[in-house]
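In order, the protein sequences belong to chains A and B. Each step along the first sequence adds one to the number in my numbering, with nothing skipped, and position 16 is 16. Numbers in my numbering are just positions in the second sequence, counted from 1, shifted up by 253. We treat Cβ as the ideally placed atom computed from N, Cα and C, and that holds for glycine.
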Amino acid sequence: MVLQIKVGENGQSQDGAANIIAKAAALSQPKDVATTGSYLRLTIDGSLDPLRLTAAIESASPDVEVVSMGRSLEIVKQVGSPERLEETFRISEFKGSHGIGHTRMSTESKVDLSHSQPFWAHGYPDLAIVHNGHITNYHKLRRQYEQHGVRFYTENDSEIIAVYMAQEMSRGLSLEEVLHKALIDWDGSFSCLVSTADAMGFVKDSFAHKPLLFGETDEFVAVATEEVAFRAVFSREFRVREAGAREVKVWRN
Amino acid sequence: MAELICEERTIREINADIRRLLKEGEAITVRSPGARHNLGVALLASGEVVFDGSVGYYCAGLMDGATVRIKGSAGWGLAESMLSGEVIVEGNAGNSAGAAIRGGALVVQGDSGARTGVSMKNGLIIVSGSCGYMSGFMGQGGKMIIGGDTAEAFGDSMYETICFVGGEIADLGNDAILAESSDEDKQFLDTSLARYLPASLRANLPDAAGFKKVVSGRKLWNFKKSEWKTWEQAL
């Protein structure tokens, strides 16, 4: 299992990293340790309870957050231009079947590493989301989850989507089922893209408030907010379509 | 024919060049549009502009008189507030295509997104494929022809836009009703489709008699306290 851990909002200290490694080692000795930017990357063997492992690591300091955990998921996020993300983390060298990303334009909550996207569904390995929009019943949903002991890391409404996904998928629902259920449970505007170990899917709100378009070819599936993103990445043109209101779509590896 | 290359140039520069060349009477092909936003906005002269690829948001908005062809897809707000002219997109269009147009013809050869023709005042919108949620919303005039299916809430709260649908209507919006097509309507459909759609696309559509006509039921035009229930539902 690979863990990406935010050591601190302002870079990392030797002490901070050592402390985190010690906390993790109390449960299972990390096989591999690497540091990049503000993150510590740990590879840990065994099938530990993700929430227990997260809690142990985060007990190192209030500033520490496990931003991703999984056998195939790794989240890296930064404040600033996406180009810096490539410089620091060499995203283009990542290998895998699919990836999601989002440049957040902050409107309500603060701008820092934890409030950046994607959000990991804390406690649920290999599940992450990105969201464009505004979940207007965020506070109500959050209160309900908090009453059941769920910890929130930010003041950002998009975080509720990750929590919701983790809760519903833990109950055994499929990705498709959860995305359909979300259309009933979430209010507001959303174009939301979800990644699991073996699938990627989206849901768009009932009024099609927020853009999300996609193109499918024999070689790949591409999803973006605007077509200009595709044209910047792919040299050949392919047919794209704006997703409809209440549209749910899932692609499997 | 003049050719413009978009790469390494700002939208302001590209649009200024398109306007200048149109004035000079040149037909223009715009290369590598890259789906960038606001291309060909406020073209106020007649003449032909071809975008050789996809365009972004608000392409050909506020246009008066030009003929614009897009050899790709278009983003949101295509031909918004057009006064006259023709906009033809060979691919799909995003949300709010033809919003608030006052004239001219917008032709989408693929599918169009939500709120197609929202608040259109006049003019013609033809979508060869399907259209998205709440298309025709608050349409005040003009005509809209959808060759394929519509999504939910079609023709919601319209004034005097007249719509024709060749496929299935998922659900009529508030105060939208089906009406009988007259011979004049059928004539109009035949003429418009023959003029604006290539035969290969027309082949997928029913004949004029197979189109459903959707108009306003006029129940929401004037507020009557006795019809409170109607309003309660619409709002």
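I want to verify the contact list: residues of chain B whose CB lies under 9 Å from the CB of residue i, in sequence order.
i	result
A:A208	N348, G366, A367, R368, G385, Y386, M387, A404
A:A26	In chain order: nothing, as chain B lies at least about 52 Å away.
A:A121	Result: empty, since nearest Cβ-Cβ is about 29 Å, beyond 9 Å.
A:A162	What A:A162 touches in chain B: nothing, since even the nearest Cβ is about 26 Å away.
Per DSSP, what are the beta-bridge partners of residue i in this structure?
i	result
A:K204	A:S191
B:T282	B:E256, B:V303
A:V150	Bridge partners of A:V150: none, in fact.
A:R252	A:A199
A:H134	A:S189
B:V360	B:I341, B:I379
B:C384	B:T403
B:I398	B:I379, B:F417
A:W120	A:A128
B:A497	Nothing can be reported for residue 497 of chain B: it is not among the residues displayed for chain B, which extend from 254 to 488.
A:E242	A:L213
Tell me where the alpha helix (DSSP H) around residue i begins and ends.
i	result
B:E437	436-449
B:G274	Here residue 274 of chain B turns out to be Leu, not Gly, going by the sequence shown. First-last of the alpha helix (DSSP H) with B:L274: 264-276.
A:R143	138-147
B:Q486	481-487
A:M169	159-170
A:K181	175-185
B:A452	452-455
Beta carbon of residue i, beta carbon of residue j: below 7 Å?
i	j	result
B:T407	B:S388	One detail in the question is off: residue 407 of chain B reads as Phe in this sequence, not Thr. Cβ distance < 7 Å, so B:F407 and B:S388 count as in contact.
A:I75	A:W120	yes
B:G419	B:G400	yes
B:G356	B:G330	no
B:A352	B:A327	no
A:A166	A:Y124	yes
A:A17	A:V7	yes
B:P286	B:G314	no
B:D428	B:S372	no
B:G318	B:S299	yes
A:F202	A:L212	yes
A:W186	A:I129	no
A:D45	A:K23	no
A:I5	A:I20	yes
B:G395	B:T414	yes
B:I281	B:I267	no
A:E242	B:G366	yes
A:S28	A:L51	no
A:G99	A:S189	no
A:E65	A:Y153	yes
B:S410	B:M397	no
A:V163	A:Y145	yes
B:Y449	B:I379	yes
A:T88	A:G37	yes
B:E421	B:D402	yes
A:S206	A:R236	no
B:L296	B:M316	yes
A:A208	B:Y386	yes
B:A452	A:V228	no
Which stretch, first to last residue, makes up the beta strand (DSSP E) that contains residue i?
i	result
B:D317	317-323
A:E237	No beta strand (DSSP E) holds A:E237; DSSP gives it neither H nor E.
A:L127	A:L127 -> no beta strand (DSSP E), and no H or E assigned at all.
B:I341	337-342
A:F214	213-216
A:L3	2-6
B:K465	465-469
B:V308	Segment: none, B:V308 is in no beta strand (DSSP E) and carries neither H nor E.
A:V221	221-224
What in chain A is Cβ-close to residue i, meaning under 9 Å?
i	result
B:N427	The premise fails here: B:N427 is roughly 14 Å from chain A at the closest Cβ pair, so nothing lies under 9 Å.
B:G328	P211, L213, E226, E227, V228, E242
Please list the partners that residue i has in chain B, where partner means a Cβ-to-Cβ separation under 7 Å.
i	result
A:R241	N345, D364
A:R231	G287, A288, S307
A:E237	G306, S307, G325
A:A34	Correct list: empty, because the minimum Cβ distance to chain B is about 37 Å.
Mind checking if residue i is an interface residue toward chain E, Cβ cutoff 7 Å exclusive?
i	result
A:A222	Absence of chain E from the displayed structure is noted, the protein chains being A and B.
Which residues of chain B have a Cβ atom closer than 8 Å to the Cβ of residue i, listed in chain order?
i	result
A:E182	Correcting the residue identity first, residue 182 of chain A is Ala in this sequence and not Glu. Going along chain B, no residue has its Cβ under 8 Å from A:A182, so there is no contact; the nearest lies around 17 Å.
A:L18	Note that residue 18 of chain A is Ala in the sequence shown here, rather than Leu. Under the 8 Å cutoff, chain B gives no residues; its nearest Cβ is about 48 Å from A:A18.
Task: Contiguous alpha helix (DSSP H) assignments of at least 4 residues, all confined to the region 21-82 of chain A - done: Runs found: 50-58.
Task: 4 or more residues per run - each alpha helix (DSSP H) lying fully within the region 410-435 of chain B - done: Listed in chain order, nothing qualifies, since the region 410-435 of chain B has no complete alpha helix (DSSP H) run of 4 or more residues.
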